[in-house]
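*Asks:* Below are the structure tokens for one structure; questions will follow.
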Amino acid sequence: MKILNDFGVAEFKNKMELEDDLIGRIVKQTHHTYSVATTDCIYDQVKQKLSKSDKKKGALTSTYVVGDFVSLEKTEEHMWIKECFKRKNVLSKAKSQAKKTRKMQEKEQLVASNVDHVFLTLSTDQRFTLSKLERYLVTFTEYNIKQTVLITKSDFSEQADYLVSQIAAVYPELDILRVSALKESGIDEIKEKLKPGTTTILIGASGAGKSTIINKLVGAHREKTNDVRVDGKGKHTTTYSTIIPIPDTGSYIIDTPGIKSIATTKKTKEDNLFPDIIELAKDCKFRDCQHLSEPKCAVKKAVELGELDEQRLARYRKVNGI
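This note's numbering numbers the first residue of the sequence shown as 7 and each following residue consecutively.
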């Protein structure tokens, strides 16, 4: 398939001083195959080469992910991914706890790689808790990637006001943007954040309006999004992660399937999410104070004095497994 956009492949090849024509970027991932864009075309049904040991183990997960820059190998039967170049970063989340075996539960699921900006989408017509937001932040803050919270369906103005006030009170430095695809408000502000040559990923629950936002950014209905009922409960609108070029900005955006729940198998630095608690903890009597029943705990004292919200401390304990 001939393409008008190479998804950053030419720039990557120049940077790495590569001349091979079969260098590309994974732009779509299904269960067992990939679509890979080169400077000339997009190859569909590209397969992953498995080693003999992988085959014996019955490899359950993909080694590669949307966003990867890869080298390809062509045979008579198929196009194969031969090698993945070093990633700038890779986003991952814990596999669903509904998996059958503990071994599978412990494995991580790759989400995307080589990302410059994360948009966390929170919809006004879906249930919101600060702990839910913090689960997103725990997962992605460790990658040192810029984050913006998109309050979608902001035509529900009262709920949008509530969400903004709740988040800003706890995370005053976090970038928050209201968006209404229905009224087309906030779309131009999103475009301003999409810098040329960068890759942004949209993360959020199903029905949060991710695909509709992307349709507005692209300027035409790239795909027909599923209807959303009056009660706001939508169906999954994206089946597989896909990179979409945004013509007006010269950037790329990754649309992901809706995430019902999110967790991480990696331990995130607490000072990324709870800098106030970490600062207070410096005055605790014990260096390993867990802020439970230890004497002379500065964190508990701050709660007693009304200087620290007790629910915030509870979320800190939950995130850290205390």
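A virtual CB, placed ideally from N, CA and C, is assigned to each residue, including glycine.
Note that the structure is a prediction, hence the values are computed from the model and not measured.
(1) Could you tell me how far apart the beta carbons of Thr127 and Gly225 are, in whole angstroms, since I believe they sit closer than 8 Å?
(2) According to DSSP, simplified to helix, strand and coil, what is Val121?
(3) Return the chain-ordered list of same chain residues with a C-beta closer than 7 Å to the C-beta of Lys306, the five sequence neighbours on each side being excluded.
(4) Beta-carbon within less than 6 Å of Ala308's beta-carbon, same chain only, minus the 5 sequence neighbours each way: which residues are those?
(5) Using the three-state DSSP reduction, which class does Pro281 fall into: helix, strand or coil?
(6) If you draw a straight line from the C-alpha of Val15 to the C-alpha of Arg31, how long is it?
(7) Should the segment 79-91 be regarded as contacting the segment 130-145, the criterion being three or more beta carbon pairs within less than 8 Å?
(8) Using DSSP's beta-bridge definition, name the partner residues of Met85.
(9) Inspect the CB distances between the segment 195-202 and the segment 158-170 and report whether three or more fall short of 8 Å.
(10) Are there any heavy atoms of the ligand GTP lying less than 6 Å away from the beta-carbon of Leu183, as far as the coordinates show?
(11) Determine, for Lys53, whether the minimum Cβ-Cβ distance to residues of chain C falls below 7 Å.
(12) What separation, rounded to the nearest whole angstrom, lies between the Cα atoms of Ser217 and Gly327?
(13) My output table needs one value for Ile328: the three-state DSSP class, helix, strand or coil.
(14) Measuring alpha carbon to alpha carbon, tell me which residue in Thr36, Glu17, Ser186, Phe125 is nearest Ile259.
(15) Round the Cβ separation of Gly73 and Ser119 to the nearest angstrom and send it over; I've been treating them as touching at under 8 Å.
(16) Once you ignore the five residues that flank Lys189 on each side, which residues in its own chain have a CB closer than 7 Å to its CB?
(17) Using only alpha-carbon positions, find the residue among Glu310, Asp261, Ser247 that is nearest to Val71.
(18) Taking Lys324 as the reference, which of Lys159, Gln115, Phe280 has the closest Cα?
(19) Does the Cβ-Cβ distance between Gln51 and Thr69 come in under 7 Å?
(20) So what does Lys53 bridge to, in DSSP terms?
(21) With 16 other CB atoms within 10 Å as the buried threshold, where does Tyr317 fall?
(22) Mapping the DSSP letters down to three states, classify Asp161 as helix, strand or coil.
(23) How far does the beta strand (DSSP E) with Ala16 in it extend, from its first residue to its last?
*Replies:* Answer, in terms of the structure:
(1) About 20 Å separates the two Cβ atoms, so there is no contact after all.
(2) In the structure shown, Val121 sits in coil (DSSP, three-state: anything other than H, G, I, E or B).
(3) Excluding its 5 nearest sequence neighbours in each direction, Lys306 has C-beta neighbours in its own chain below 7 Å: His297, listed in chain order.
(4) Leu286, Leu314, listed in sequence order.
(5) Here Pro281 carries a helix assignment [DSSP, helix/strand/coil].
(6) It is roughly 6 Å from the alpha-carbon of Val15 to the alpha-carbon of Arg31.
(7) Two segments are said to touch when three or more pairs of C-beta atoms, one from each, lie closer than 8 Å; by this definition the segment 79-91 does not touch the segment 130-145.
(8) Answer by DSSP bridge pairing, in chain order: Lys80.
(9) The segment 195-202 is not in contact with the segment 158-170.
(10) Although the ligand GTP was asked about, the structure shown includes no ligands whatsoever.
(11) Of the chains in the structure shown, none is chain C; there is only one protein chain.
(12) Ser217 and Gly327: Cα-Cα distance of roughly 34 Å.
(13) In the structure shown, Ile328 sits in coil (DSSP, three-state: anything other than H, G, I, E or B).
(14) Measuring from the Cα of Ile259, the nearest candidate turns out to be Phe125.
(15) Right, their Cβ atoms sit about 4 Å apart.
(16) Taken in chain order, the residues that qualify are Asp161.
(17) Looking at the Cα atoms, Ser247 is the closest of the given residues.
(18) It is Phe280 whose Cα lies nearest to the Cα of Lys324.
(19) Contact annotation: Gln51 and Thr69 have beta-carbon atoms that are not nearer than 7 Å.
(20) Looking at the DSSP output, Lys53 sits in a beta bridge with Trp86.
(21) Residue identity check: residue 317 is Gln in the sequence provided, not Tyr. Here Gln317 is exposed: its Cβ has fewer than 16 other Cβ atoms, across all protein chains shown, within 10 Å.
(22) In the structure shown, Asp161 falls within a coil segment according to DSSP collapsed to helix, strand and coil.
(23) Not the beta strand (DSSP E): Ala16 falls in the alpha helix (DSSP H), residues 15-22.
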